[in-house]
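Student: The sequence shown stops at residue 519 when you use the numbering used here, and every number in between is there.
Glycine is no exception: its CB is placed at the ideal position from the N, C-alpha and C atoms.
Quick one: structure below, then a few questions.
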Amino acid sequence: MKKIFFSLLFLSFASLGFSQFVNGLGFFIAGEGSRHKYKDSNDPATYGSHKGKLLFRPAGGIVADFGNSRNLKWRTEFEYNMQGSTERVANPDGATQKYKNKLDYISWNNFMKIQGEVYAGFPYILLGPRVEYLFRNKPQAYVPVMSGLSKFQFSWDVGAGFEFMAYGPARLFAEYHYHSDLKALYKRDNLKVNNLTHELRVGIMFKFADRKNSCNAPTYSE
Numbered sequence: 298m299k300k301i302f303f304s305l306l307f308l309s310f311a312s313l314g315f316s317q318f319v320n321g322l323g324f325f326i327a328g329e330g331s332r333h334k335y336k337d338s339n340d341p342a343t344y345g346s347h348k349g350k351l352l353f354r355p356a357g358g359i360v361a362d363f364g365n366s367r368n369l370k371w372r373t374e375f376e377y378n379m380q381g382s383t384e385r386v387a388n389p390d391g392a393t394q395k396y397k398n399k400l401d402y403i404s405w406n407n408f409m410k411i412q413g414e415v416y417a418g419f420p421y422i423l424l425g426p427r428v429e430y431l432f433r434n435k436p437q438a439y440v441p442v443m444s445g446l447s448k449f450q451f452s453w454d455v456g457a458g459f460e461f462m463a464y465g466p467a468r469l470f471a472e473y474h475y476h477s478d479l480k481a482l483y484k485r486d487n488l489k490v491n492n493l494t495h496e497l498r499v500g501i502m503f504k505f506a507d508r509k510n511s512c513n514a515p516t517y518s519e
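Encoded structure:
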């Protein structure tokens, strides 16, 4: 709970400081590879901890950048992301069968954006919390456990991206993100389940900062 409290506190103070200036609006599509990590303390000798295999699914969202600093901005996002895990479960005859546990989330993501500048564009890193709502749950394996997942999830996200230099308001960008739980998906009866996700994005950002001051001349956006 302490981690969640400090994440929300961080979100509140940072958003207040940057919300006075909209720098750009955009959207993205993404591919996600996610899996679940299980820790069973009831029978660690025979089961113990294990990780599922990556399950690849799509995602997409809308984004907004705030702040008038060249190097420090605030990013907020609304995202529909499809996560889950691929599980191999042993049958009574000893053979294993593959199952997919699919989880669909609607998330509100908020990041501190630290940005530099090179000849071709703007490299940056992103760091901040995600608040995720479990919109749809379709488990095939470990159904009693997966059916008991928390509806709301909190996680930390770290990402790196590049926004390409161009004339006009539209800027292409590409990003890689990694996010993992602050609060376990499931924690009950000595069993703990966490989610681990890799995300690769491409999108378009429409910048507003420099258009106000332009005199019919093309300018680069920060």
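For Pro436, does the three-state DSSP call read helix, strand or coil?
Tutor: The sequence position of residue 436 within the sequence shown is 139, counting from 1. Reduced to three states, the DSSP call for Pro436 is coil.
Student: For Gly465, count neighbouring Cβ atoms within 10 angstroms of its own Cβ and tell me buried if that reaches 16, exposed if not.
Tutor: The residue given as residue 465 occupies position 168 in the sequence shown. With fewer than 16 neighbouring CB atoms inside 10 Å of its own CB, Gly465 falls in the exposed class.
Student: In angstroms, rounded to a whole number, what distance separates the CA positions of Glu496 and Tyr475?
Tutor: Here the question's residue 496 lines up with position 199 in the sequence shown. Here the question's residue 475 lines up with position 178 in the sequence shown. Cα to Cα, Glu496 sits roughly 6 Å from Tyr475.
Student: May I have the straight-line CA-CA distance separating Met409 from Ser444, to the nearest angstrom?
Tutor: Translated into positions along the sequence shown, residue 409 becomes position 112. Translated into positions along the sequence shown, residue 444 becomes position 147. The alpha-carbon atoms of Met409 and Ser444 are separated by roughly 34 Å.
Student: Looking only at its chain, what residues have a beta carbon closer than 7 Å to the beta carbon of Ala467, apart from the 5 residues adjacent to it on each side?
Tutor: Counting from 1 along the sequence shown, the entry for residue 467 is found at position 170. Excluding sequence neighbours, Ala467 sits near Ile501 and Phe503.
Student: Since Tyr483 is in the beta strand (DSSP E), which residue starts that stretch and which ends it?
Tutor: Your numbering for residue 483 matches position 186 in the sequence shown. First-last of the beta strand (DSSP E) with Tyr483: Tyr483 to Arg485.
Student: Would the beta-carbon of Tyr402 fall within 8 Å of that of Leu431?
Tutor: On the sequence shown, position 105 is the one that residue 402 refers to. On the sequence shown, position 134 is the one that residue 431 refers to. Yes, Cβ-Cβ distance for Tyr402 and Leu431 is below 8 Å.
Student: By Cβ distance, which residues of its chain are closer than 7 Å to Phe325, with the 5 residues on each side in sequence left out?
Tutor: As a working note, residue 325 is residue 28 in the sequence shown. Excluding residues within five positions, the ones whose Cβ falls inside 7 Å are Gly357, Gly358, Val360, Arg498, Val499 and Gly500.
Student: Pop quiz: Leu530 and Ile411 are said to be a contact at Cβ under 8 Å. What is the actual Cβ separation, rounded to whole angstroms?
Tutor: The chain is shown from 298 up to 519; residue 530 falls before or after that span and cannot be answered.
Student: Whose C-alpha, out of Asn406, Tyr335 and Leu400, is nearest the C-alpha of Arg372?
Tutor: Indexing the sequence shown from 1 puts residue 372 at position 75. Measuring from the Cα of Arg372, the nearest candidate turns out to be Asn406.
Student: Please state if the CB of Asp337 and the CB of Leu493 are separated by a distance shorter than 8 Å.
Tutor: Position 196 of the sequence shown, counted from the start, is the residue given in the question as residue 493. Position 40 of the sequence shown, counted from the start, is the residue given in the question as residue 337. Cβ atoms of Leu493 and Asp337: not closer than 8 Å.
Student: So, under 8 Å CB-CB, Pro451 and Lys480 are touching, yes? Tell me the CB distance rounded to an integer number of Å.
Tutor: As a position in the sequence shown, residue 451 is number 154, starting the count at 1. As a position in the sequence shown, residue 480 is number 183, starting the count at 1. At residue 451 the sequence reads Phe, which differs from the Pro that was named. Rounded, the Cβ-Cβ distance is 5 Å, consistent with contact.
Student: If you reduce the DSSP assignment to three classes, tell me which class Pro466 lands in.
Tutor: The count along the sequence shown starts at 1 and reaches residue 466 at position 169. Correct three-state label for Pro466: coil.
Student: Can you look up Pro441 in the DSSP assignment and give me helix, strand or coil?
Tutor: Here residue 441 refers to the residue found at position 144 of the sequence shown. Helix, per DSSP.
Student: Residues in the same chain with beta-carbon distance under 6 Å from Tyr335, minus the five sequence neighbours each way, listed in chain order, please.
Tutor: Here the question's residue 335 lines up with position 38 in the sequence shown. His347 and Val490, listed in sequence order.
Student: Could you round the C-beta distance between Glu472 and Phe419 to whole angstroms and report it? I think they count as a contact, below 8 Å.
Tutor: Mapped onto the sequence shown, residue 472 falls at position 175. Mapped onto the sequence shown, residue 419 falls at position 122. Rounded, the Cβ-Cβ distance is 12 Å, inconsistent with contact.
Student: According to DSSP, which residues form a beta bridge with Ala361?
Tutor: Numbered from its first residue, the sequence shown carries residue 361 at position 64. Bridge partners of Ala361: Leu322 and Thr373.
Student: Under 8 Å between the Cβ atoms of Gln380 and Ser331?
Tutor: Translated into the one-based positions of the sequence shown, residue 380 becomes position 83. Translated into the one-based positions of the sequence shown, residue 331 becomes position 34. Against a cut-off of 8 Å, the Cβ pair of Ser331 and Gln380 comes out as a contact.
Student: Three-state secondary structure (DSSP) at Cys512?
Tutor: Stepping through the sequence shown from its first residue, residue 512 is reached at position 215. In this prediction, Cys512 has a pLDDT of 43, which is less than 50 and means its spatial position is unreliable; nothing more can be read from the coordinates.
Student: Can you have a look at Ala327 and say buried or exposed, based on whether 16 or more other CB atoms are within 10 angstroms of its CB?
Tutor: As a working mapping, residue 327 is identified with position 30 in the sequence shown. Under this definition Ala327 is a buried residue.
Student: If distances are taken between C-alpha atoms only, which option among Glu376, Arg354, Gly321 and Asn388 comes closest to Ser404?
Tutor: For the purposes of this step, residue 404 is identified with residue 107 of the sequence shown, where counting begins at 1. When each option's Cα is compared against that of Ser404, the closest is Glu376.
Student: So the candidates are Lys397, Gly456, Pro436 and Val440; which of them puts its Cα closest to the Cα of Pro426?
Tutor: Residue numbering aside, residue 426 sits at position 129 when the sequence shown is read from its first letter. Pro426 has its Cα closest to that of Gly456, out of Lys397, Gly456, Pro436 and Val440.
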